[in-house]
Structures are given as C-alpha cells and as structure tokens.
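Student: Each residue of the sequence shown is one higher than the one before, starting from 1 at the first, in this note's numbering. Starting off with a structure, shown below.
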Amino acid sequence: MVTAQAVIKPPKGRIAIVADGNSPDPDDLGGTAVSIALLRAAGLEDRLVHYSHSCDLVRVNRISEAAEYERHAMMQTACDGTARRWGGFENLTFFDAKWQLDETIKDLSEAINASSENNPLWVIEAGEPDIIGFALDATPKEKHQFIKVVTHHPANDDAGDFYTWQDILDFGVEEVRIPDQNINLKVDEAEWDWAKIHPDHRMQFVWLMGKMAEIDDVVKFQKGKWDCSDAGMVLYWITGATNGGLKQGSVEQVKAIMEKYIANNP
Numbered sequence: 001m002v003t004a005q006a007v008i009k010p011p012k013g014r015i016a017i018v019a020d021g022n023s024p025d026p027d028d029l030g031g032t033a034v035s036i037a038l039l040r041a042a043g044l045e046d047r048l049v050h051y052s053h054s055c056d057l058v059r060v061n062r063i064s065e066a067a068e069y070e071r072h073a074m075m076q077t078a079c080d081g082t083a084r085r086w087g088g089f090e091n092l093t094f095f096d097a098k099w100q101l102d103e104t105i106k107d108l109s110e111a112i113n114a115s116s117e118n119n120p121l122w123v124i125e126a127g128e129p130d131i132i133g134f135a136l137d138a139t140p141k142e143k144h145q146f147i148k149v150v151t152h153h154p155a156n157d158d159a160g161d162f163y164t165w166q167d168i169l170d171f172g173v174e175e176v177r178i179p180d181q182n183i184n185l186k187v188d189e190a191e192w193d194w195a196k197i198h199p200d201h202r203m204q205f206v207w208l209m210g211k212m213a214e215i216d217d218v219v220k221f222q223k224g225k226w227d228c229s230d231a232g233m234v235l236y237w238i239t240g241a242t243n244g245g246l247k248q249g250s251v252e253q254v255k256a257i258m259e260k261y262i263a264n265n266p
C-alpha cells in the first residue's frame, strides 16, 4: 500500500493542546513528543499558543500516588526536552495543569480571549475536558464561537471530573471529531525502530519518550506498543484540519515530516 504524502496546509488560527499523561494510560508521553516535533517540523511552532499536560485533576485508584507523581515529571520532560532539542518554543511555557492549575487556566483563557473569526483557536483535547471547561467558563461567551475543540476518542470526552462533553459543547464551541487515532498510530514497537537507531539525537529523543510509555508498569495494554495516537489530531491540523486534513494519519507520514525537517536542518 502506498501512503499518501502529507501536505502541510494548516487552517487559519492558532492551536492549543491539553494533554493528560498523569492518568493510568501513559500514551501521552509519545504523543506529546511527536506533537511538538511535528509542529516544529511543519514550521508551525509559533502557532502553538498553549500546551498543558497532566490534566487529569482527580487521581483514580488505578494509578498510585507515587506513580502519578512520576508521570508528572516524565510529562514535563517530554514537553521541555522535546521543545529544547527541536527548538522554536523558547517563548512558550509548558504547564502542569494539575500542579499549576490557576496558571494553566489563565493561559488557556488568554488564548481564548485572543480569538476571532479570522484567528480562531483549535483546542486539541488530548486528555480530560476539565481544563478546557474551566477556561471556557472564565471567558466571555461571545468568544466561544471562535473555538474549535478537536477530539478523537470518547475515553477523553467522558472522563471529566468537573465537566461532561456535553457541558463543553454547551459553551457554543465547534466540535471537530475525527476517527480513533489508535488505529494507525498505536503500533507494534518495531515500527519505530527507525527512530531508535536514527543518527540524529532529536529523533532518538522522540523515540525514547514513546519507549518510556511502553515500559511503564501501571497498565499492561501499552506493552510491545509505540503509541502517539493523540498526535494524530495535530497531524490532522497541520495537514488542513476540516479542509482535507489527514483523518487517519500513519507512522510513515509522521516520519516523513520529521525526517524532512531534520535533513534540512542538520
């Protein structure tokens, strides 16, 4: 099967990403690294106006307090480490949503307040919807018509402790739903061996973040898998979003975008 080439043609506006990673599933480690690398590789790093992680605000018994604490540190490393190595995000703060709750809500609220018809905000829901809900609740309703929330999985939509998915929609935002990204982007670990042995340290670091999720000992369903499923929403956005964006992007397309950037920026 020949994989279609990914064409970089983002929609107008800016992008915000709200991820978890401190919940039982560690997939946001790889998803975060790939998302940041993709935005840089596509030349769109200046369009990322908010990134927060660890948005699961109420710990569940499936992950211990100690394991969750560890995840916060790993997620911050995935954010700051990828951003430093790939470059271009020096003016952006990567927030820990649970540990920096007020600052996170304020930062996302400012991005919402800056929105207009010609400068909408695309919010990538890569975790529970609560942070998005708090920020919408803190901003004027007339701004919400310019907010588009991108989602790919009801496991995120329905996991909020303070807001339901219907609550989010009731703010008047636009729902942008694409298919489950696990189908093509949660793959056998061997499909990322190219990054593991890549001569460039930037690619190796991305691989390492996904490997950290694979060896995580909280859940068993990531064993043998390299998972960057949430990054599929970023791939969708950078390739056009609602105007022909890749709704089921592949590892090969992710690889092509990142390797082209590295080849041009050794």
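We treat Cβ as the ideally placed atom computed from N, Cα and C, and that holds for glycine.
Taking C-beta to C-beta, are residue 32 and residue 53 nearer than 8 Å?
Tutor: Yes, these two residues count as a Cβ contact at 8 Å.
Student: Going residue by residue through the segment 100 to 158, where are the continuous beta strand (DSSP E) segments of at least 3 residues, counting only ones entirely within it?
Tutor: For the segment 100 to 158, whole beta strand (DSSP E) runs of length 3 or above, ordered along the chain, are 121 to 126, 147 to 151.
Student: Report the option in 92, 142, 129, 82 whose CA atom is closest to the CA atom of residue 157.
Tutor: It is 129.
Student: Taking the beta strand (DSSP E) that residue 52 falls in, what are its first and last residues?
Tutor: 48 to 53 is the extent of the beta strand (DSSP E) around residue 52.
Student: With a cut-off of 8 Å, do at least 3 Cβ pairs link the segment 139 to 146 to the segment 175 to 184?
Tutor: No, the segment 139 to 146 does not touch the segment 175 to 184.
Student: Quick check on DSSP: helix, strand or coil for residue 266?
Tutor: Coil.
Student: Let me check understanding here. Comparing Cα to Cα, which of 108, 12, 166, 63 lies closest to residue 118?
Tutor: Cα-wise, what sits closest to residue 118 is 12.
Student: Please tell me whether residue 138 and residue 168 are closer than 8 Å, where the distance is taken between their beta carbons.
Tutor: In this structure, residue 168 does not lie closer than 8 Å to residue 138 by Cβ.
Student: To test your reading of the DSSP string, which unbroken alpha helix (DSSP H) runs of 4 or more residues are found completely within the segment 13 to 85?
Tutor: Entirely contained in the segment 13 to 85, the alpha helix (DSSP H) runs reaching 4 residues are, in chain order, 28 to 41.
Student: Taking contact to mean 3 or more Cβ pairs, one atom from each stretch, closer than 8 Å, check whether the segment 56 to 69 and the segment 30 to 45 are in contact.
Tutor: Not touching, per the Cβ criterion.
Student: Nearest-angstrom Cα distance between residue 265 and residue 84?
Tutor: Going from the Cα of residue 265 to the Cα of residue 84 covers about 15 Å.
Student: Is it the case that the Cβ atoms of residue 256 and residue 38 are separated by a distance below 8 Å?
Tutor: Not a contact, by the Cβ cut-off of 8 Å.
Student: Does DSSP put residue 254 in a helix, a strand or coil?
Tutor: Residue state, collapsed to three classes: helix.
Student: Using 10 angstroms around the beta-carbon of residue 227, count the other beta-carbons present and answer buried if the total reaches 16, otherwise exposed.
Tutor: With 16 or more Cβ atoms within 10 Å of its Cβ, residue 227 is classed as buried.
Student: Whole angstroms is fine: what's the gap from residue 234's alpha carbon to residue 192's?
Tutor: C-alpha separation (whole angstroms): 19 Å.
Student: Please check the pair residue 22 and residue 72, which I expect to be a contact at CB under 8 Å, by giving their CB distance rounded to whole angstroms.
Tutor: About 6 Å; that satisfies the 8 Å criterion.
Student: Would you say the beta carbon of residue 54 comes nearer than 7 Å to a heavy atom of the ligand NAP?
Tutor: The ligand NAP is absent from the structure shown, which contains no ligand whatsoever.
Student: Determine, using beta carbons only, whether residue 188 and residue 220 come nearer to each other than 8 Å.
Tutor: For residue 188 and residue 220, no; Cβs fall outside 8 Å.
Student: Any idea what DSSP makes of residue 227, helix, strand or coil?
Tutor: Residue state, collapsed to three classes: strand.
Student: What would DSSP say about residue 188, mapped onto helix, strand or coil?
Tutor: Three-state DSSP puts residue 188 in a strand.
Student: If you compare alpha carbons, which of 136, 124, 135 is closest to residue 153?
Tutor: For the residues 136, 124, 135, the minimum Cα distance to residue 153 belongs to 124.
Student: Should residue 26 go down as buried or exposed, given a rule of 16 or more other Cβ atoms within 10 Å for buried?
Tutor: It is buried - the Cβ of residue 26 has at least 16 other Cβ atoms within 10 Å.
Student: Mind checking which residues open and close the beta strand (DSSP E) that includes residue 175?
Tutor: Segment 174 to 177, the beta strand (DSSP E) holding residue 175.
Student: Return the chain-ordered list of same chain residues with a C-beta closer than 7 Å to the C-beta of residue 80, the five sequence neighbours on each side being excluded.
Tutor: Excluding positions up to five away in sequence, the list reads 94.
Student: What number of angstroms, rounded off, separates the C-alpha of residue 18 from the C-alpha of residue 197?
Tutor: Cα-Cα distance, rounded: 30 Å.
Student: For a quick check, are the C-beta atoms of residue 9 and residue 249 less than 8 Å apart?
Tutor: Going by C-beta atoms, residue 9 is not nearer than 8 Å to residue 249.
Student: Residue 150: buried (16+ other C-beta within 10 angstroms of its C-beta) or exposed?
Tutor: The residue is buried, with at least 16 neighbouring Cβ atoms inside 10 Å.
Student: Taking C-alpha atoms, which residue in 205, 155, 199 lies nearest to residue 30?
Tutor: Minimum Cα distance to residue 30 is reached at 205.
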